[in-house]
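Heads up: the structure comes next, in structure tokens.
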Amino acid sequence: MDTLIGIESIPVPAKDYNTGNDLKDAIWYVLQRKATEHKRNGNLDLAIACLRKSNELSDYENEPLLSEKEYLRLPKYIALSGKKELAKLEKDKIYVRHPEFRDHRLINLRYISKQITNSIKYKNDLVKVATYGDCPKCKRLKGKIYSLSGKSKKFPLIPPEIFIDGGHNENCNISIYSYYPGLENDDEGDPRDNSVR
Numbered sequence: 451m452d453t454l455i456g457i458e459s460i461p462v463p464a465k466d467y468n469t470g471n472d473l474k475d476a477i478w479y480v481l482q483r484k485a486t487e488h489k490r491n492g493n494l495d496l497a498i499a500c501l502r503k504s505n506e507l508s509d510y511e512n513e514p515l516l517s518e519k520e521y522l523r524l525p526k527y528i529a530l531s532g533k534k535e536l537a538k539l540e541k542d543k544i545y546v547r548h549p550e551f552r553d554h555r556l557i558n559l560r561y562i563s564k565q566i567t568n569s570i571k572y573k574n575d576l577v578k579v580a581t582y583g584d585c586p587k588c589k590r591l592k593g594k595i596y597s598l599s600g601k602s603k604k605f606p607l608i609p610p611e612i613f614i615d616g617g618h619n620e621n622c623n624i625s626i627y628s629y630y631p632g633l634e635n636d637d638e639g640d641p642r643d644n645s646v647r
């Protein structure tokens with residue numbers, strides 16, 4: 451990982467190392483750290499090559515290994531090398547490959563769908579809403595308990611803006627998780643207090 455040829459020769463997919471330390475085993479992660487090291491040492495070409503390979507490895511997976519911020523290190527470093535137009539092209543390519551970075555509802559829906567599938571599998575009808583971010587509409591849903599089927603006498607049917615739309619706008623970060631009355635440590639007392647009135 452100290453020469454362009456060495457970095458470019460890493461296969462996609464690549465086998466992880468077996469160092470015994472999970473943070474050092476994943477090649478995509480090691481490449482991210484090496485990029486920082488190369489940048490610090492003034493070797494931007496090597497840093498860019500590391501980030502490009504890390505992005506390629508992440509793109510190979512069913513779900514990206516990297517966050518938006520980690521992906522965008524590549525165009526940032528390209529811009530630092532003075533190639534502003536190339537940096538913009540690279541950034542645009544990242545957003546084409548990962549539209550979920552510009553519209554969080556796409557990620558939300560993926561996780562909400564998985565949770566609904568798990569809830570059905572385990573025959574649990576109740577879910578609790580978790581929200582992150584500044585959307586005032588989503589904040590009102592935080593901690594609310596809903597029924598997936600609408601058959602609960604205590605909790606209302608889950609609103610369509612959660613399971614169909616994945617939120618109210620592209621910046622919403624909303625999710626659900628299984629709720630089991632009596633098993634959850636609810637600091638707010640009776641879980642029915644969190645239901646929508």
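In this text, residue positions in the sequence shown follow the working numbering: the first is 451, and each later residue adds one. Ideal Cβ placement from N, Cα and C applies to all residues, glycine included. Remember, predicted model here, so these are calculated numbers, not experimental data.
- In the DSSP assignment, Asn493 falls outside any alpha helix (DSSP H) and carries neither an H nor an E.
- The three-state reading of DSSP puts Ile614 in coil, since its state is none of H, G, I, E or B.
- Distance from the CA atom of Asn493 to the CA atom of Val546, rounded to whole angstroms, is 28 Å.
- Of the residues Leu515, Cys500 and Tyr479, the one whose Cα lies closest to the Cα of His488 is Cys500.
- In this structure, Ser569 is the residue among Asp509, Thr453 and Ser569 with its C-alpha nearest to the C-alpha of Tyr630.
- Rounded to the nearest whole angstrom, the C-alpha separation of Ala529 and Lys541 is 10 Å.
- At the C-beta level, Val579 and Lys601 stay beyond 7 Å of one another.
- DSSP places Ser504 within a helical segment (H, G or I) once states are collapsed to three.
- In the structure shown, the three-state DSSP call for Asn619 is coil.
- Across the structure, Val462 and Leu556 are spaced so that their CA atoms are roughly 26 Å apart.
- In the pairwise beta carbon analysis, the region 519 to 526 is classified as not touching the region 560 to 567: fewer than three pairs are separated by under 8 Å.
- The C-beta distance from Asn623 to Gly583 rounds to 4 Å, short enough to fall under 8 Å.
- As the crow flies, the alpha-carbon of Ser628 is around 27 Å from that of Pro549.
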